[in-house]
Amino acid sequence: MGAPEKNERLIHVSLLVVAFSAISVLALISLFIFTEGLPIMFRYGFKKFLFSLDWYPSEGHFGLLPMIVGSLFVTTGAMLIGVPLGLAGAIYLTQFASKKVRVVVKPLIELLAGIPSVVYGFIGVVILVPFIREYLGGPGLSVLAASVILGIMILPTILSISIDSLLALPPSYREGSIALGATEWQTVRMVLIPAARSGIVASIILGMGRAVGETMAVIMIAGNATSIPHSVLDPVRTLTSNIALEMGYASGEHRQALFATGVILFVIIMALNTVANLTSRKMSS
Amino acid sequence: MRVRLSPRKQQRIIKSIFLSLTILTVFILAFIIFFILRHGLLVVNWQFLTRNPVEMGKEGGIFSTIVGTVALTFLALLIATPLGVGTAIFLTEYTSEGKLTRVIRFGSDCLAGIPSIIFGLFGFILFVTKLKLGWSILSGGLTLAFMILPTIIRTSEEAIRFVPQAYREVSFSLGSSKWQTVSRVVLPSALPGIATGVILSIGRSIGETAAVIFTAGSALRLPTSLFSSTRTMSVHFYILAREGISLSKAYGTAAVLVVSILLINVVTYYLMNRFLRKYS
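Line by line, the protein sequences give chains A and B. When we follow numbering that gives the first Met the number 0, the leftmost residue of the first sequence carries the number 0, and every step to the right adds one. When we follow numbering that gives the first Met the number 0, the leftmost residue of the second sequence carries the number 0, and every step to the right adds one.
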């Protein structure tokens with residue numbers, strides 16, 4: 000075997016090794032989060048961990064229910080705001096607006112996907128929170144504030160992926176439907192949305208993943224109380240904020256409990272990822 | 000009694016509702032940028048950019064946080080770019096679609112969806128504690144590298160796929176080996192596309208907070224080595240705003256952040272368009 004062929008083999012093998020970098024990082028992350036978080040879950044009791052209301056780390060009480068409910072509320076709120084706005088925008092820009100408008104507006108919205116989450120959080124603090132406190136009551140730092148800001152944050156994700164999946168449809172779908180005498184709206188509702196369903200669903204799930212995982216913005220505006228909120232104006236703490244707020248000073252069991260919070264978050268996110276992945280694969284096949 | 004609207008009327012109503020929602024979306028997003036810039040740009044001047052923070056950031060500028068941000072971002076790119084581009088080359092040039100590519104791509108997609116706080120936890124336990132690197136540029140850079148890896152893999156893969164098959168065939172017919180073809184024909188042609196991914200990752204690194212604050216720490220002095228703890232602009236902004244140290248400095252830092260990220264995204268967009276136009 001000549002030297003060049005040997006080189007080629009070497010390159011092939013090194014690229015194969017490099018190609019496993021992403022999946023190895025994923026494995027490493029799971030390994031470390033789970034080995035740090037699982038022991039305390041077993042010791043403290045799985046059920047108590049998930050369904051107890053008391054989070055007093057200094058006294059050894061690690062009930063995560065308020066945070067799980069908090070994440071659920073805030074994410075649901077974000078979806079209620081982000082999904083209709085995002086889908087309406089995607090449908091308008093692909094079906095009703097001229098191409099010129101779309102070519103300007105879509106990149107503009109995608110540009111905004113890059114704005115750091117701390118900036119969104121800050122906008123929440125200086126504008127939205129005082130507004131809610133003044134006109135709707137409560138402390139301002141609330142489920143509502145977090146939902147609105149998160150809803151805005153996931154807009155670019157939902158918009159841009161939905162636009163792509165609507166544009167990927169063959170033009171004949173639309174033309175055929177219009178030729179049969181359907182209006183544009185009927186075409187959208189009865190032909191295009193069902194056809195682009197899996198892409199749209201994937202965009203929503205990815206947006207949801209982003210809302211569940213968002214940390215800094217939520218800390219700044221959600222109020223972070225460790226109790227179950229009774230109204231949208233009550234403060235709330237999410238799983239992510241629970242980690243970030245206490246990581247700075249936690250040690251021993253307390254730190255392990257934060258890693259256990261990470262385990263729960265990790266499992267939720269991986270489930271969402273897998274679903275999004277499967278639906279978008281269905282789209283491409 | 001339910002009134003049934005004619006399809007035409009329905010369409011007109013829907014169209015105007017959707018138009019207003021779209022305008023609302025664009026308005027909200029534009030307002031955020033406008034608001035930050037209007038309050039922040041007043042604070043930003045040469046001194047703000049070149050002086051170190053004094054009294055926890057209450058006075059002075061943000062110079063050391065700019066240095067910290069650049070150092071972390073640079074280190075992250077240095078690690079993630081070869082790994083990401085290598086993975087993309089393997090996926091596109093060295094293997095055919097099958098179980099292996101699906102597994103690799105699934106791993107990368109999952110990694111892309113993992114929230115930054117999880118990266119922060121992971122980087123803290125592995126780099127800061129287990130490997131005893133402490134809160135440092137090294138720990139933060141490694142953590143960020145892992146975070147931006149999926150972005151670089153995906154954009155590089157798309158860029159390499161865009162290079163016309165004919166380029167490869169011509170190179171092979173001239174007697175080049177596989178690696179010669181990849182390194183001298185495919186990669187140079189895909190370079191602008193790959194650059195797009197890299198620049199996009201710069202934007203993501205600059206804006207990152209949760210993953211960085213637990214791995215690079217939040218020291219305000221100028222970093223002297225890879226083992227110094229440092230504070231990035233985003234972390235600085237977060238601390239200024241959350242602890243109410245100085246609202247005006249917070250606005251100023253936010254403006255610098257937003258302007259740099261917008262610039263980066265505009266450059267990315269421009270590069271990508273040029274790249275796409277060249278091959279289609």
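We treat Cβ as the ideally placed atom computed from N, Cα and C, and that holds for glycine.
What residues of chain B sit near residue i, judged by a beta carbon separation below 7 Å?
i	result
Gly88 (chain A)	Leu20, Thr21, Thr24
Glu245 (chain A)	In chain order: nothing, as chain B lies at least about 11 Å away.
Asn272 (chain A)	Asp108, Cys109, Gly112
Using 10 angstroms around the beta-carbon of residue i, count the other beta-carbons present and answer buried if the total reaches 16, otherwise exposed.
i	result
Gln10 (chain B)	buried
Ala21 (chain A)	buried
Phe30 (chain B)	exposed
Gly76 (chain A)	buried
Asn44 (chain B)	exposed
His235 (chain B)	buried
Ser247 (chain B)	exposed
Asn272 (chain A)	buried
Phe41 (chain A)	exposed
Thr6 (chain A)	The question names Thr, yet the displayed sequence has Asn at residue 6 (chain A). Exposed, by the Cβ-count rule.
Leu173 (chain B)	exposed
Tyr269 (chain B)	exposed
Arg7 (chain B)	exposed
Gln164 (chain B)	exposed
Leu120 (chain B)	buried
Arg276 (chain B)	exposed
Glu338 (chain B)	Because chain B here runs from 0 to 279, residue 338 (chain B) falls outside it and cannot be looked at.
Thr225 (chain A)	buried
Does DSSP classify residue i as helix, strand or coil?
i	result
Phe258 (chain A)	helix
Met0 (chain A)	Only weak support exists for where Met0 (chain A) lies, its pLDDT of 49 falling under 50; the value from the coordinates is given anyway. Three-state result, Met0 (chain A): coil.
His60 (chain A)	strand
Trp45 (chain B)	helix
Tyr55 (chain A)	strand
Val103 (chain A)	helix
Arg220 (chain B)	coil
Met246 (chain A)	coil
Tyr93 (chain B)	coil
His229 (chain A)	coil
Ala195 (chain A)	coil
Leu9 (chain A)	helix
Thr74 (chain A)	helix
Pro83 (chain A)	helix
Thr150 (chain B)	helix
Lys131 (chain B)	coil
Val258 (chain B)	helix
Glu242 (chain B)	coil
Gly137 (chain A)	coil
Ile114 (chain A)	coil
Per DSSP, what are the beta-bridge partners of residue i in this structure?
i	result
Pro52 (chain B)	B:Gly59
Val84 (chain B)	Paired residues: none, contrary to the question.
Val235 (chain A)	A:Gly222
In chain B, which residues lie less than 8 Å from residue i when you measure between Cβ atoms?
i	result
Phe95 (chain A)	Lys14, Phe17, Leu18
Trp184 (chain A)	Pro6, Gln9, Gln10, Ile13, Lys14
Thinking C-beta only, is residue j closer than 8 Å to residue i?
i	j	result
Val142 (chain A)	Val73 (chain A)	yes
Ile205 (chain B)	Thr68 (chain B)	yes
Glu35 (chain A)	Phe258 (chain A)	yes
Thr142 (chain B)	Leu199 (chain B)	no
Leu101 (chain A)	Leu92 (chain A)	Here residue 101 (chain A) turns out to be Arg, not Leu, going by the sequence shown. It is a contact, given that the beta carbons lie within the stated cut-off.
Leu191 (chain A)	Leu165 (chain A)	yes
Lys152 (chain B)	Gly83 (chain B)	Per the sequence shown, the amino acid found at residue 152 (chain B) is Ile instead of Lys. Closer than 8 Å, so yes.
Thr195 (chain B)	Phe274 (chain B)	yes
Met55 (chain B)	Ile244 (chain B)	yes
Val118 (chain A)	Leu256 (chain B)	yes
Leu90 (chain B)	Ala18 (chain A)	yes
Ile131 (chain A)	Ala145 (chain A)	no
Leu219 (chain B)	Arg230 (chain B)	yes
Ser182 (chain B)	Tyr166 (chain B)	no
Phe121 (chain A)	Ala209 (chain B)	no
Who are the neighbours of residue i on chain A, taking C-beta pairs under 9 Å?
i	result
Tyr268 (chain B)	Pro106, Glu109, Leu110
Gly244 (chain B)	The residue asked about is misnamed: residue 244 (chain B) is Ile in this sequence, not Gly. Residues of chain A passing the Cβ test: none, with the nearest at roughly 13 Å.
Residues of chain B with CB closer than 9 Å to the CB of residue i, please, in chain order.
i	result
Phe45 (chain A)	Correct list: empty, because the minimum Cβ distance to chain B is about 20 Å.
Ile148 (chain A)	Within chain B, no residue comes near Ile148 (chain A); the closest Cβ sits about 10 Å away, beyond 9 Å.
His253 (chain A)	Near His253 (chain A) there are no residues of chain B at all, since even the closest Cβ is about 14 Å away, more than 9 Å.
Val217 (chain A)	Within 9 Å Cβ-Cβ: nothing; Val217 (chain A) doesn't reach chain B, min ~10 Å.
What does residue i reach in chain A if we use C-beta pairs closer than 8 Å?
i	result
Ile103 (chain B)	Ala18, Phe19, Ala21, Ile22
Thr195 (chain B)	Going along chain A, no residue has its Cβ under 8 Å from Thr195 (chain B), so there is no contact; the nearest lies around 12 Å.
Pro149 (chain B)	Ala21
Which bits of chain E does residue i rub up against, with CB to CB less than 8 Å?
i	result
Tyr91 (chain A)	The structure shown has no chain E; the protein chains it does contain are A and B.
Applying a beta-carbon distance threshold of less than 7 Å, which residues of chain A neighbour residue i?
i	result
Asn264 (chain B)	Leu110, Gly113
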